[in-house]
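Asker: Take the sequence shown: its letters are residues 2 to 501, numbered as in the working numbering.
There's a structure below that I have some questions on.
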Amino acid sequence: MKETFLFLRPPRPLWPFNGPGSAFWPPLAFASMAEALRRAFCDLDVAILDAPALQMGWKSLTAELRRRQPTYVGIGEEAVSCVEGLRAAKLAKESGATVIAGGCFFGNVAGEVLNSGQVDVVVHGEGEITIVELVTALRDGTAQALRTMRGISFRSGEEVIRTEPRELIADLDTLPMPAYDLLPMERYGQRSRNHVGLAAIELGRGCSCACEFCVLWRQMGKYRGNRIVPHLRVKSVERLMEEIRILTDRYDRRFLGWVDPCFNAHESIPGKLADRLLREGRQIPQSAWVRADYVLRDEASGALAACIEAGLCEMYLGIERVEKEGLKLLHKGNLQDESEKALWLLARRYPQVFTVGSFIYNLPGDSPEMVRKLFRDAFRVPIDMTFFIPLTPLPGTPFWREDAWDGTGEAMREFDFLLHFQGEGLKAKLSRTLMMCYWFSWPKERLKQFLAGFVARDARRRSICRRNVARFNWYLGRAVWNSIVGRREFAMNLPSWYES
Ligand code: B12
Ligand code: SF4
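What follows is the structure, encoded as structure tokens:
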């Protein structure tokens, strides 16, 4: 019988500010690695099981794993769903599979998850080449085969062995075309109001910057000796056009969600791609995470106007802080008020773009007064949607402390980028300050923005703003209620099908 490699995304909670229709994007990492495996082995069946997209809960998943009996199972979760990752790993092991974990979370807690006994091998960094070599090594069946390959950790007796880092793929055009056919493509964004026909796509990998709190530049960074440095790679316009044609023409995708850590890091490819899309008469709505300083740079070169004309209509900006000390502490750059300038530029010249700005609180030295000021200052600039995210000590960043690992991943539940109110620590205190600000601090700029969103002529903007207000008040109200009745806070939303 043929061996099977199953990439598995288990049932998991929803981030409360995402609607159920756009909370789960196609798992691009799995699709890309699945195609790499298909190309390399004709005697291996490769599959992806995206349980959330199928609304498949744990009961059905358990039955499905028993039925399929995969030889290898690959998992890769965010820290917040570590519990689900390990639960899936346990099920997979019970059905006899070898479990491989990867991605920007598991890759940074390799020792911890290997010692949990649920995971056999952890893959560090980029996965496409490593996964192919790993299957060959696992088939060989010797520890020596694992030792001699790059980019993994595994256990040998009591010892956790981490092999040499793997070099990055030099030319991203050589990546296999993601195996979209292994995914239920029609399901993504199916019930979404604002992201109908959602697809995930990457322009490149890595970032040109090195913000202190960020795992993304590290995950796709380059090793210089033992040090990782930021390294940006991009695909060519031809390759990107090929992906877009497949997504739109073959899979009827109508909204492109760029998954790049920083879509506008490269100074020319996004603009050239936009020109090409426009030449081919392909305008398609898009969202992307962008940096403010590059927005200004691209305005000067004309690339910004082209990207927006080609459909870039939702931009997420990590503004983080308003005051320079905070920005310096986070190594964010943007010390010349670039965020403010970029937001004014977008609001005045490109009002059709929906902007989402995120700010970080809970920095060392933060106090309730500072957070109140951050809140007021955040509304001095025109942003359609504002998020305040607590500094999260993600594994792989200098803020991570190994003693935060509790053996189960439960402690990682708080790594959800949400306000947590319970407890006496500084984070809880600052979160409560923010909650009070949300309800009671209404500088006139905020009131204006709030009303503008609520009655906006553009139906999409109006819908996003209204839903966000409803979700936020629900979130805060639930938190207050939980405190009153003494219920432990669980900030994410468990979907109704979670255990089914
Ligand atoms: C799309 C996305 C979302 C979408 C969809 C999420 C979903 N579950 O469907 C939305 C917007 C809803 C979302 C929500 C959240 N997200 Co999110 N999201 C992303 C994003 C932008 C893209 C992921 C992606 O497709 N990357 C492209 C692929 C190709 O790269 P890759 O994942 O790194 O994969 C490569 C390697 O890492 C490796 N690899 C990865 N997995 C595996 C597995 C195996 C077995 C192997 C061998 C290798 C391997 O090989 C791959 C190919 O080379 C990432 C940031 C990023 N750019 O990666 C954040 C990111 C994953 N999200 C993050 C977070 C925190 C969240 C939220 C908790 C909060 C939030 N809103 O941001 C929620 C919770 C989501 C949930 N539980 O469902 C963090 C996770 C940090 C961490 N260490 O935990 C990230 C890294 C962003 C960040 N700011 O740091 N997210
Ligand atoms: S600009 Fe964004 S993606 Fe790049 S290092 Fe900073 S936070 Fe990470």
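Where a beta carbon is used, it is the ideal one built from N, C-alpha and C, also for glycine.
What's the C-alpha gap between F6 and W498?
Answerer: Taking the sequence shown and counting its residues from 1, the one referred to as residue 6 is at position 5. Taking the sequence shown and counting its residues from 1, the one referred to as residue 498 is at position 497. Spanning the two alpha carbons is a distance of roughly 25 Å.
Asker: Report the rounded CA-to-CA distance for D133 versus R39, giving the unit in angstroms.
Answerer: As a working note, residue 133 is residue 132 in the sequence shown. As a working note, residue 39 is residue 38 in the sequence shown. Position check: residue 133 holds Val in this sequence, whereas Asp was assumed. If I take the Cα positions, the gap works out to 9 Å.
Asker: Is D1 near the ligand B12 - that is, is its Cβ less than 7 Å away from at least one heavy atom of it?
Answerer: Outside the displayed span of the chain (2 to 501) sits residue 1, for which this structure offers no information.
Asker: E129 and L92 - do their beta-carbons sit closer together than 8 Å?
Answerer: As a working mapping, residue 92 is identified with position 91 in the sequence shown. As a working mapping, residue 129 is identified with position 128 in the sequence shown. In this structure, E129 does not lie closer than 8 Å to L92 by Cβ.
Asker: Run the proximity test for A30: is its beta-carbon closer than 7 Å to any non-hydrogen atom belonging to the ligand SF4?
Answerer: Translated into positions along the sequence shown, residue 30 becomes position 29. It does not: the Cβ of A30 is nowhere closer than 7 Å to a heavy atom of the ligand SF4.
Asker: Can you grab the Cα-Cα spacing for the pair V382 / D299, in whole Å?
Answerer: Residue 382 sits at position 381 when you count from the first residue of the sequence shown. Residue 299 sits at position 298 when you count from the first residue of the sequence shown. Whole-angstrom Cα-Cα distance: 20 Å.
Asker: Confirm the yes/no value for this check: CB of G397, any heavy atom of the ligand SF4, distance under 7 Å.
Answerer: Translated into positions along the sequence shown, residue 397 becomes position 396. No, the Cβ of G397 stays beyond 7 Å of every heavy atom of the ligand SF4.
Asker: Less than 6 Å between C-beta atoms, sequence neighbours within five positions excluded: which residues of the same chain meet that for S237?
Answerer: Mapped onto the sequence shown, residue 237 falls at position 236. Cβ neighbours of S237 beyond the five flanking positions: D174.
Asker: For a quick check, are the C-beta atoms of L233 and G207 less than 8 Å apart?
Answerer: If you number the sequence shown from 1, residue 233 lands on position 232. If you number the sequence shown from 1, residue 207 lands on position 206. Contact flag set, yes.
Asker: Is the closest heavy atom of the ligand B12 to the C-beta of N494 under 7 Å?
Answerer: If you number the sequence shown from 1, residue 494 lands on position 493. Checking every heavy atom of the ligand B12 against the Cβ of N494, none is found closer than 7 Å.
Asker: With contact counted as at least three CB pairs below 8 Å, one residue from each stretch, are the stretch 100-119 and the stretch 52-69 in contact?
Answerer: no
Asker: Pick helix, strand or coil for G86, following the three-state DSSP scheme.
Answerer: Residue mapping note: residue 86 aligns to position 85 of the sequence shown, counting from 1. Looking at G86 - three-state DSSP - the assignment turns out to be helix.
Asker: Quick check: the Cα distance between K374 and G75, rounded to an integer number of angstroms?
Answerer: As a first step, residue 374 must be located in the sequence shown, where it is residue number 373. As a first step, residue 75 must be located in the sequence shown, where it is residue number 74. Cα to Cα, K374 sits roughly 45 Å from G75.
Asker: For the stretch 298-315 and the stretch 239-255, state whether three or more C-beta atom pairs, one from each stretch, are separated by less than 8 Å.
Answerer: no
Asker: So, at 8 Å on beta carbons, what are the nonlocal neighbours of F455 in its own chain, with the 5 sequence-adjacent residues on each side left out?
Answerer: Here residue 455 refers to the residue found at position 454 of the sequence shown. Hits under 8 Å: R463, C466, R467 and V470.
Asker: Measure the alpha-carbon distance for G424 versus E203 and round it to whole angstroms.
Answerer: To locate residue 424, count along the sequence shown from 1; it is residue 423. To locate residue 203, count along the sequence shown from 1; it is residue 202. Distance between the alpha carbons of G424 and E203 is about 39 Å.
Asker: Are the Cβ atoms of V296 and N335 separated by less than 8 Å?
Answerer: Here residue 296 refers to the residue found at position 295 when the sequence shown is read from its first residue. Here residue 335 refers to the residue found at position 334 when the sequence shown is read from its first residue. In this structure, V296 lies away from N335, with their beta-carbon atoms at least 8 Å apart.
Asker: How long is the line joining the alpha carbons of W406 and E415, rounded to whole angstroms?
Answerer: As a position in the sequence shown, residue 406 is number 405, starting the count at 1. As a position in the sequence shown, residue 415 is number 414, starting the count at 1. Whole-angstrom Cα-Cα distance: 12 Å.
Asker: Could you check where the alpha helix (DSSP H) with Q220 kicks off and where it finishes?
Answerer: Stepping through the sequence shown from its first residue, residue 220 is reached at position 219. Start and end: L217 to Q220.
Asker: Closest to W345 by CA distance: which of A293, F376, L395 and P365 is it?
Answerer: In the sequence shown, counting from the first residue as 1, residue 345 sits at position 344. A check of alpha carbon separations from W345 across A293, F376, L395 and P365 identifies A293 as the nearest.
Asker: What are the residues that DSSP puts in a beta bridge with G258?
Answerer: As a first step, residue 258 must be located in the sequence shown, where it is residue number 257. G258 pairs with A201 and S288.
Asker: Taking one C-beta from the stretch 212-229 and one from the stretch 177-192 each time, how about it: are there three or more such pairs within less than 8 Å?
Answerer: no
Asker: State the Cα-Cα distance for the pair L37 and D172, rounded to the nearest angstrom.
Answerer: Here residue 37 is taken as the residue at index 36 of the sequence shown, counted from 1. Here residue 172 is taken as the residue at index 171 of the sequence shown, counted from 1. A quick correction: the sequence has Ala, not Leu, at residue 37. Distance between the alpha carbons of A37 and D172: 15 Å.
Asker: So G319 is in the beta strand (DSSP E); what residue range does that whole segment cover?
Answerer: Against the sequence shown, residue 319 aligns to sequence position 318. G319 -> beta strand (DSSP E) spans L313 to E321.
Asker: What are the boundary residues of the beta strand (DSSP E) that includes E4?
Answerer: By one-based count along the sequence shown, residue 4 stands at place 3. Looking at the DSSP string, the run of the beta strand (DSSP E) that includes E4 is E4 to R10.
Asker: Taking its Cβ as the centre, do 16 or more other Cβ atoms sit within 10 Å of S269, making it buried, or is it exposed?
Answerer: For the purposes of this step, residue 269 is taken as residue 268 along the sequence shown, with counting starting at 1. Exposed, because fewer than 16 other Cβ atoms sit within 10 Å of the Cβ of S269.
Asker: Using DSSP bridges, identify the partner residues of Y73.
Answerer: Here residue 73 refers to the residue found at position 72 of the sequence shown. DSSP, once it has assigned bridges, lists F6 and T99 as partnering Y73.
Asker: Which two residues bound the contiguous alpha helix (DSSP H) that contains D276?
Answerer: Residue numbering aside, residue 276 sits at position 275 when the sequence shown is read from its first letter. From DSSP, the alpha helix (DSSP H) with D276 extends over I270 to R280.
Asker: Would you tell me roughly how many angstroms separate the C-alpha atoms of Q472 and E168, rounded to the nearest one?
Answerer: In the sequence shown, the residue the question calls residue 472 occupies position 471. In the sequence shown, the residue the question calls residue 168 occupies position 167. At residue 472 the sequence reads Arg, which differs from the Gln that was named. Cα-Cα distance, rounded: 43 Å.
Asker: Between the beta-carbon of F319 and the beta-carbon of R254, is there less than 8 Å?
Answerer: As a first step, residue 319 must be located in the sequence shown, where it is residue number 318. As a first step, residue 254 must be located in the sequence shown, where it is residue number 253. The question names Phe, yet the displayed sequence has Gly at residue 319. Their beta carbons are not under 8 Å apart, which means G319 does not touch R254 by this criterion.
Asker: Based on the DSSP output, what are the partners of M386 in its beta bridges?
Answerer: Taking the sequence shown and counting its residues from 1, one reaches residue 386 at position 385. For M386, which the question treats as bridged, DSSP gives the partners V357.
Asker: Check whether the stretch 21-37 and the stretch 59-78 touch, using three or more Cβ-Cβ pairs below 8 Å as the test.
Answerer: yes
Asker: Under the criterion of a Cβ to heavy atom distance below 7 Å, does R13 qualify as lining the ligand B12?
Answerer: Working through the sequence shown from its first residue, we reach residue 13 at position 12. Yes, the Cβ of R13 comes within 7 Å of a heavy atom of the ligand B12.
Asker: By DSSP, does I162 sit in helix, in strand, or in coil?
Answerer: The residue given as residue 162 occupies position 161 in the sequence shown. Looking at I162 - three-state DSSP - the assignment turns out to be strand.
Asker: Do you know whose CA, among D385, D367 and E411, lies nearest S432's CA?
Answerer: Residue numbering aside, residue 432 sits at position 431 when the sequence shown is read from its first letter. When each option's Cα is compared against that of S432, the closest is D367.
Asker: Starting from the Cα of P71, find the closest Cα among T99, L62 and S82 and give me that residue.
Answerer: Indexing the sequence shown from 1 puts residue 71 at position 70. Cα-wise, what sits closest to P71 is T99.
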